[in-house]
Amino acid sequence: MTTSFERYQKRRLISSYFSVVISISLVLFLLGMLGLLVLNTKKVADHFKEQIALTVYLKDNAKEVEIEQLKKSLAMADYTKSTTFVSKEEAAEAHSEEIGEDFMEFLGYNPLQNSIDVYMNADFVSSEQVDKIADDLTSKNFVDEVVYDKPLIALLNDNVKKISFWVLIASSVFTFIAVLLINSSIRLAVYSKRFIIKTMQMVGATKGFIRRPFIWQSVKLGLIGAILALIGMAAVLYYLNNSFTELNLLGDIKMLVILFSGIFLMGIVITWISTYFATSRFLNLKTDELYY
1 MTTSFERYQK
11 RRLISSYFSV
21 VISISLVLFL
31 LGMLGLLVLN
41 TKKVADHFKE
51 QIALTVYLKD
61 NAKEVEIEQL
71 KKSLAMADYT
81 KSTTFVSKEE
91 AAEAHSEEIG
101 EDFMEFLGYN
111 PLQNSIDVYM
121 NADFVSSEQV
131 DKIADDLTSK
141 NFVDEVVYDK
151 PLIALLNDNV
161 KKISFWVLIA
171 SSVFTFIAVL
181 LINSSIRLAV
191 YSKRFIIKTM
201 QMVGATKGFI
211 RRPFIWQSVK
221 LGLIGAILAL
231 IGMAAVLYYL
241 NNSFTELNLL
251 GDIKMLVILF
261 SGIFLMGIVI
271 TWISTYFATS
281 RFLNLKTDEL
291 YY
């Protein structure tokens, strides 16, 4: 009978530890993924900014040497990420494929112009800086016009600011919720042993002596939960990096190490603090209050 009861207690204890580990690992995993989102918000925003092209249309009388000089100056400019020269013939061919017919047969000539598509570095993609770049390029006598999607640039920059703000708010709220959830799991685990705590206290054990095994046990559970969370984060990060190679999510190793270390330490610190205060609460309760 005693053996059966001991097995039951052991299973119950294992189940309690398992639920605490799962709770800690899930909360830390979600917190870590939110951290990855925060770290890569700018990178994702920069990726979309760098897809916006500024198109420089050249006059038909532009000399070859002038075009080459412009291409070289654009390639060397701080604001340039990459450039693509599109001849009027290539532009006509691409346009014919889009509309499904050869428009030059109908017109009898090619009305399109040679152009250079300039993809800029993200730091220069703002309405003010692009306007300045466009004005500078338009001032050249062999440039006909400079075209870019000004409303899209303004909208993109506004949305990036809004998203960054709300991501920071969500991160703060979720961090607070994560601490509360882990704290609740730890308190439930300690609550199930409140009578053991009070018994040890009644036979003369000091508060530090009583707390020590509970804190150590919770820290071990926090370590296991943190390791599981980090494994999950690493798997998701590896998948996303392979799926979206252009974002280069593994490029900033230093920041990733800081994030992973932070999640690991958080699993230890939160469980330690939660267990300390949970055991202190039951140590300060009167015996009659343990039943409520």
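Take 1 as the starting number for the sequence shown in UniProt numbering and just add one per residue. Virtual Cβ for every residue (Gly too), placed ideally from N, Cα, C.
Where residue i falls: helix, strand or coil (DSSP)
i: Ile-263; result: helix
i: Phe-48; result: helix
i: Leu-31; result: helix
i: Ser-55; result: According to the sequence shown, residue 55 is Thr rather than Ser. Correct three-state label for Thr-55: strand.
i: Tyr-148; result: coil
i: Tyr-119; result: strand
i: Thr-275; result: helix
i: Val-203; result: coil
i: Phe-195; result: helix
i: Val-236; result: helix
Nearest-angstrom Cα separation, counted from residue j out to residue i
i: Glu-128; j: Ser-164; result: 21 Å
i: Asn-183; j: Lys-81; result: 48 Å
i: residue 338; j: Ser-139; result: For residue 338 there is no data in the structure shown, the boundaries of the chain being 1 and 292.
i: Leu-39; j: Ile-196; result: 45 Å
i: Ala-77; j: Phe-124; result: 11 Å
i: Ser-280; j: Lys-207; result: 8 Å
i: Phe-5; j: Ile-224; result: Only weak support exists for where Phe-5 lies, its pLDDT of 45 falling under 50; the value from the coordinates is given anyway. C-alpha separation (whole angstroms): 28 Å.
i: Ala-229; j: Glu-97; result: 50 Å
i: Lys-42; j: Ser-126; result: 14 Å
Residue nearest to residue i in terms of C-alpha spacing, selected from the options
i: Val-147; options: Ile-227, Pro-213, Gln-113 and Thr-175; result: Gln-113
i: Ile-210; options: Leu-250, Trp-272, Lys-162 and Leu-283; result: Leu-283
i: Ser-172; options: Leu-26, Ser-19 and Gly-32; result: Gly-32
i: Phe-176; options: Ala-226, Tyr-276 and Leu-28; result: Leu-28
i: Val-236; options: Leu-36, Tyr-119 and Thr-55; result: Leu-36
i: Lys-88; options: Asp-60, Ala-75, Glu-68 and Lys-71; result: Asp-60
Buried versus exposed, by CB contacts within 10 Å (16 or more), residue i
i: Thr-2; result: Any answer about Thr-2 is weak, because its pLDDT of 49 lies below 50 and its placement is not dependable; what the coordinates show is given next. Counting Cβ neighbours within 10 Å, Thr-2 comes out exposed, since fewer than 16 surround it.
i: Arg-212; result: exposed
i: Ala-278; result: buried
Nearest-angstrom Cβ-Cβ length linking residue i and residue j, presumed shorter than 8 Å
i: Ala-92; j: Ser-115; result: The Cβ separation is near 12 Å, so there is no contact.
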